[in-house]
Structures are given as structure tokens and as C-alpha cells.
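Novice: Protein chains in written order, with this note's numbering: chain A, 676 to 932; chain B, 1162 to 1492.
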């Protein structure tokens, strides 16, 4: 994993060149450059907190996006097909997985239980890619779901925010079990919707090549999206304050510092 | 040594606190009062690998700053949502800043222009701008820039109400913080044991010098901040010894311990002042040079020894002060 390199390029680009080495920053700081001072402090601070180059965090974000697309696909399926049937299903399954497990033995017994995918992954598979599992067939929903759940389980084991990973695992499992209950036509609608949200090419990029670069670009577009979201929020906030007749401007005497 | 120290300026994070306090009914607090009562005059936070520049500000700000404000007799509010920020939290944080400014008191924020604590003292909704000042500059930043922090969280603390604390309480709370910090008992939150604080900071610093591993820039910055802090520590303690008038046993005990501690911190400040001559900020001198590093070790040992005695005085005073609560005691 190219953690360090990602960390560097991920660093908030200040006025300095992105590729600037610590040495160069120190030189500038020693010459009295305040910007360089700031960057050094932030860099050391992040390093101490273990934030720089957190590849796992980026992967988490990437998987968030896929999971969101999955859920959106379901919601859409609900409106497209039979809302009265699918929406309660989705909710019920996330709440109560035991219910679905009972159905396993029924008309959908052919669908593999989710946990059985785990047996595909022997110790060699884990050794091959440092825990990230086997290659993902990005046109196959089961394969994608397996990949995501595998990461969630791995994340839960690794001990960092285990409850978050466990929750994710539960949601994914719920989604997978729901798929097991779909008939052919319903599943077709679901897949069309999901792959419409997230074209296979994009998924391939996400999982096929697990390079730092892909995650990096993904995290950058995510950051852009985040920025846009905040910009819109601020615009609305300011409008709301004006509508409420709150003061639009106030300036105190500049402090002595 | 510097020609003359400017007692209205400090290298520590107490600058922002003092700045904000100046807009309240407690504006009579001088910078050295604030430095002492918040414990910033007594802090030290050393990176044990290279004494890097992040040390002085790598403490849990939400906890320390609000405890500081509590010591000074204020209730306070905090926003510290972590990135990526949700729209809702951005709105509520901006609202917190505006409410404080509407009450006439600037909000304390981190990393406005540089990663230190600074003040937001004005807003303009039409232009979506904040007016802000920190040690590096006085300027503006857009709401959007504000909501896109360069560190992993968006930090704002605001002063709410001013409470009438007795001087006994204020001094006792300050001593509690100072002693906890010195003895390494302060809560460090996410920073864990990555920095050595209090007296242990000297040992970590000496260790780095023995390995000839000090980062020129970070070492000079830490030296500047801590030397400045201890000069304030001495001044603060001398003022305490002078102001408590000796009319009863508490007053006399405070005078005695504060006076003795002041002398110790004077020795600390002197040793660190010489260290500062060796490693001037920002250029930093040659801390990796064996001869220079050995000189630094001698000075750090002198400072540590004196500070250890100073801390002991303050501990005794703290244990004594735990029992007294009056504002005025005629006896």
C-alpha cells in the first residue's frame, strides 16, 4: 500500500506546491515564512494523530458511495415496482435479520446465504492481497456485496471504530438477503437501477484496481461534492437569517493580540 | 536576553483567551493574570522524537480552553465537529460565532490563518465574511473557507456568562490545572502519550538533545514559547505574592508559597532565556551540533531542577487552598 504517497498528495494544498518536501518547508519556515510554519504544525499534528495518508479511511468513503447507491437503488425499486411490497421489506430486514433467515429454506433456498461466500475465501486469498479479498467481478451484485461486507468485517476486526463497521456489515447483509428474495424481474430492475447509479466502469475503477490513485481521485471528487454542499448550505443559511430579520453585519473593535 | 520584554504579548495560546476576555466585565485581568490563571504560563508539551513545531498547540483544545475559561469565571460553549462536516453542523457553528459577536465578545477559533488560537470579531452575511485576527494577521475569511478547516476538525469556543468567583476559587482552580499538567496527569484525549507534558517534557527534550535529534525549527519554536511562558509564570507568581495582603493565614500562606515558587520560576526563565539565545526563532541555530546540544542539556537540567522545586511549592499551596472558600476573611 502506498500510504505515504497518498498522505502527501492528500494534504490540503496550501499556497505551497503540493510536492514540497518537509525539508523545503523547514527551510522556508526558518527563513520566517508564516505559511510554512502553519503547514509544518498541521503536518506534525496530523502525523501525531495518525491522520495523514489514511488509505483505509478513503476506502471507507469509497464504500460509502457504493452502499449509498445500493440503498438508493432499493428505494427506487420500491417506487418503480411495488412500493407496498418493497419498502416494508427493506425496513423489516434491516431491523430483523432473523426473519429473512427463516425464508432461506423456502422458495429461495437456491440463493446462497451470505455467510457462505466467506468460505470462498481461504487463507490464500487473504494472503494474496493483504485482506482485501479476491478480485471483484464488477458486473455481479453478489460479488460486489461480498467485497464490501468482507471489508466491513475486516474493519470491525481491526478494531478501529468497530461499531461503525459492524453497522455497515449489518446493512450490507440486509441488502444481500433482500436480493435473495427478489424474483428475476425484480432483480433485473434493481440491478439496472444500481448500475445506473454507479456504472460498472466506475465500480471496476473502485475495486478492480485498488491503487492509491483511484481512491485519491475518488476522495477528491468527494471533497468537491462536500464543498459544494457546504457552499449551498451557507447560502441558504444566510438567506434564512435575512428572512428572520437577524442582523446581517456586526463588527467589534479589532482585538489586541 | 531581549532588551525588554513586552508584557502585552505572548507566544502561547493564552493570547487569544486574553484577547476575548478583554471584551467582558473581567477586562481587568492582565495578560499575566490570564497566563497564570489558565496555566498557560506553566505548560510544556514536547514531541519526544524531534521537539517538532506542533507541540505547543497539540492539546485537546475543547477541554483545556473551556477549563481555562471556567477558571477565569466564565461559562462557555464549544463546537468541534470533525471533518467531513455536515451542513447542519456548519450552520450551528457559524451561528455560535455570530451569537457571541452579537453579545459583543469575539469567538475563539483555531487555525484561522495559522494553526494557533485566534479571534473572530465580526461577520457580514451579505459578503459571507468573517473578520478575524490571530498572531499572524488581521484579515477576513469567507464562511466557506471557515467551514473547510485545514485540520481534522472545526474548532470554536465562545464565552457565555460571567460568574462571580471568589479569588480563592480562581487561584485554587488555576493551581489544580498547573499541578495536574506538571505531573503528567492532564487528560490528553486523542493526543495520547505522543507528547510529553509537564516536567516529563524536560526529560523528553533532554533525550532528544542526547540523540542530537532536535529539529532546528521546532526546537527553536518550542524554546521561544516555553521561555516566554516561564517569564510570565514568574511575573504572575510575584504579583500573587504581592497582591495577597497577609491579613489572615490564607493570605500569608499564599504569599509565602507564591513568593518561593516565583524565585524558582525565575531560575527556570533565566535558563530557558539562555537556551533561546542558543536557538533563536525562526532560524534555530545548530541543535544537532554536539557541543551546542550539550550546552542545551545543561540548561534544560538547570531549568528542570528549579521547576521541580517550583511545582512542589505550588502543590503545597494547592493542598492548602483546597480548604478555603471565602472572598474576604477578617480574623
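Ideal Cβ placement from N, Cα and C applies to all residues, glycine included. In this text the structure is predicted, and so the values were computed from the model without any measurement.
Would you mind reading off the limits of the alpha helix (DSSP H) that contains residue 1389 of chain B?
Specialist: Its alpha helix (DSSP H) spans residues 1377-1404.
Novice: Sorted by chain position, which residues of the same chain lie with C-beta nearer than 6 Å to residue 922 of chain A's C-beta, five sequence neighbours on each side aside?
Specialist: Excluding sequence neighbours, residue 922 of chain A sits near nothing in its chain.
Novice: Using a Cβ-Cβ cut-off of less than 9 Å, give me the residues of the stretch 1164-1181 of chain B that come near chain A, in sequence order.
Specialist: Taking 9 Å as the Cβ-Cβ cut-off against chain A, the residues of the stretch 1164-1181 of chain B that qualify are 1169, 1170, 1176, 1177, 1179, 1180 and 1181.
Novice: Give me, in chain order, the residues of the same chain whose beta-carbon lies closer than 8 Å to that of residue 916 of chain A; leave out the 5 immediate sequence neighbours on both sides.
Specialist: Within the same chain, residue 916 of chain A has close Cβ partners 923.
Novice: What is the residue span of the alpha helix (DSSP H) that residue 1285 of chain B lies within?
Specialist: Not the alpha helix (DSSP H): residue 1285 of chain B falls in the beta strand (DSSP E), residues 1278-1285.
Novice: Taking 9 Å as the cut-off, decide whether the C-beta atoms of residue 1369 of chain B and residue 1210 of chain B are in contact.
Specialist: Yes, the Cβ-Cβ distance between residue 1369 of chain B and residue 1210 of chain B is below 9 Å.
Novice: Return no unless some Cβ of chain A is closer than 9 Å to the Cβ of residue 1351 of chain B.
Specialist: For residue 1351 of chain B, the answer is yes, since a Cβ of chain A falls inside 9 Å of its Cβ.
Novice: Output, in sequence order along the chain, the residues in the stretch 1363-1393 of chain B whose CB is closer than 9 Å to any CB in chain A.
Specialist: Flagged, chain order: 1376, 1377, 1378, 1379, 1381 and 1382.
Novice: Would you please verify whether the beta carbon of residue 909 of chain A is less than 9 Å from any beta carbon of chain B?
Specialist: For residue 909 of chain A, the answer is yes, since a Cβ of chain B falls inside 9 Å of its Cβ.
Novice: Work out the CA separation of residue 1409 of chain B and residue 1173 of chain B for me, nearest whole Å.
Specialist: Using only the alpha carbons, I get a separation of about 35 Å.
Novice: Report yes or no: do three or more beta-carbon pairs, one from the stretch 1359-1374 of chain B and one from the stretch 1206-1226 of chain B, lie closer than 8 Å?
Specialist: Counting Cβ pairs under 8 Å, three or more are found: they touch.
Novice: If contact means a Cβ-Cβ distance below 8 Å, which residues of the stretch 1192-1215 of chain B contact chain A?
Specialist: Against chain A - using a Cβ distance shorter than 8 Å - the residues of the stretch 1192-1215 of chain B are 1208, 1213, 1214 and 1215.
Novice: Assuming contact is defined by CB atoms lying nearer than 9 Å, are residue 1183 of chain B and residue 1339 of chain B in contact in what I supplied?
Specialist: The answer is no: Cβ separation not under 9 Å.
Novice: When DSSP labels each residue in this structure, what does residue 1358 of chain B get in the three-state scheme?
Specialist: Strand, per DSSP.
Novice: Looking at the structure shown, is residue 1268 of chain B part of a helix, part of a strand, or coil, going by DSSP?
Specialist: Reduced to three states, the DSSP call for residue 1268 of chain B is strand.
Novice: Flag residue 926 of chain A as yes if its beta-carbon sits less than 9 Å from any beta-carbon of chain B, otherwise no.
Specialist: Yes, residue 926 of chain A lies at the interface with chain B (some Cβ there is under 9 Å from its Cβ).
Novice: Is there contact here, the stretch 1460-1467 of chain B with the stretch 1430-1449 of chain B, by at least three beta-carbon pairs under 8 Å?
Specialist: Touching, yes.
Novice: Taking beta-carbon pairs under 8 Å, can you tell me which members of the stretch 1217-1248 of chain B lie near chain A?
Specialist: Residues 1218, 1219, 1245, 1246 and 1248.
Novice: For residue 905 of chain A and chain B, any beta-carbon pair shorter than 9 Å?
Specialist: Answer yes: the Cβ-Cβ gap between residue 905 of chain A and chain B drops below 9 Å somewhere.
Novice: Given a limit of 7 Å on CB to CB distance, which residues of the stretch 1303-1319 of chain B reach chain A?
Specialist: Cβ contacts with chain A come from 1304, 1305, 1308, 1309, 1311, 1312 and 1313.
Novice: Do residue 1131 of chain B and residue 1271 of chain B have their CB atoms nearer than 9 Å?
Specialist: Since the first residue of chain B shown is 1162 and the last is 1492, residue 1131 of chain B is not available in this structure.
Novice: Return the CA-CA distance between residue 1166 of chain B and residue 1240 of chain B, expressed in angstroms with no decimal places.
Specialist: Straight-line Cα distance between these residues: approximately 35 Å.
Novice: CA-CA distance, residue 801 of chain A and residue 824 of chain A?
Specialist: With a pLDDT of 34 at residue 801 of chain A, under the threshold of 50, the modelled position of that residue is not reliable, and the figure given next carries that caveat. Cα to Cα, residue 801 of chain A sits roughly 14 Å from residue 824 of chain A.
Novice: Does chain A have any CB closer than 9 Å to the CB of residue 1339 of chain B?
Specialist: So no, residue 1339 of chain B is outside the interface.
Novice: Check whether the stretch 1311-1325 of chain B and the stretch 1333-1348 of chain B touch, using three or more Cβ-Cβ pairs below 8 Å as the test.
Specialist: Contact fails: fewer than three Cβ-Cβ distances are below 8 Å.
Novice: Sorted by chain position, which residues of the same chain lie with C-beta nearer than 6 Å to residue 1488 of chain B's C-beta, five sequence neighbours on each side aside?
Specialist: Cβ neighbours of residue 1488 of chain B beyond the five flanking positions: 1327.
Novice: In chain A, which residues lie with their C-beta within 7 Å of the C-beta of residue 1275 of chain B?
Specialist: Those within 7 Å of residue 1275 of chain B in chain A are 709, 712 and 713.
Novice: Tell me which residue opens and which closes the beta strand (DSSP E) that residue 1193 of chain B is part of.
Specialist: Not the beta strand (DSSP E): residue 1193 of chain B falls in the alpha helix (DSSP H), residues 1192-1198.
Novice: In whole angstroms, what is the alpha-carbon distance linking residue 1413 of chain B and residue 1292 of chain B?
Specialist: Their Cα atoms are separated by approximately 46 Å.
Novice: Counting only beta-carbon separations shorter than 9 Å, does residue 1162 of chain B have a partner in chain A?
Specialist: Residue confidence for residue 1162 of chain B is low, a pLDDT of 47 falling below 50, so the modelled location carries little weight; the figure read from the coordinates is stated next. Output row for residue 1162 of chain B: interface = no.
Novice: Are any of the Cβ atoms in chain B nearer than 9 Å to that of residue 721 of chain A?
Specialist: Judged by the 9 Å Cβ criterion, residue 721 of chain A is in contact with chain B.
Novice: What separation, rounded to the nearest whole angstrom, lies between the Cα atoms of residue 1289 of chain B and residue 1237 of chain B?
Specialist: So the two alpha carbons sit approximately 25 Å from each other.
Novice: What are the residues in the stretch 1420-1447 of chain B lying within 8 Å of chain A by C-beta distance?
Specialist: Listed by position, the residues of the stretch 1420-1447 of chain B near chain A (Cβ gap below 8 Å) are 1443, 1444 and 1445.
Novice: Taking just the CA atoms, how far does residue 908 of chain A sit from residue 1218 of chain B?
Specialist: Those two C-alpha atoms are separated by around 31 Å.
Novice: Let's test the definition: count the other Cβ atoms within 10 Å of the Cβ of residue 725 of chain A and tell me whether it reaches 16, buried, or not, exposed.
Specialist: Classification of residue 725 of chain A: exposed, given that the 10 Å Cβ count is below 16.
Novice: Excluding five sequence neighbours on each side, which residues of the same chain lie with their C-beta closer than 8 Å to the C-beta of residue 1178 of chain B?
Specialist: Here the set comprises 1195, 1199, 1201, 1226, 1229, 1230, 1233, 1269 and 1278.
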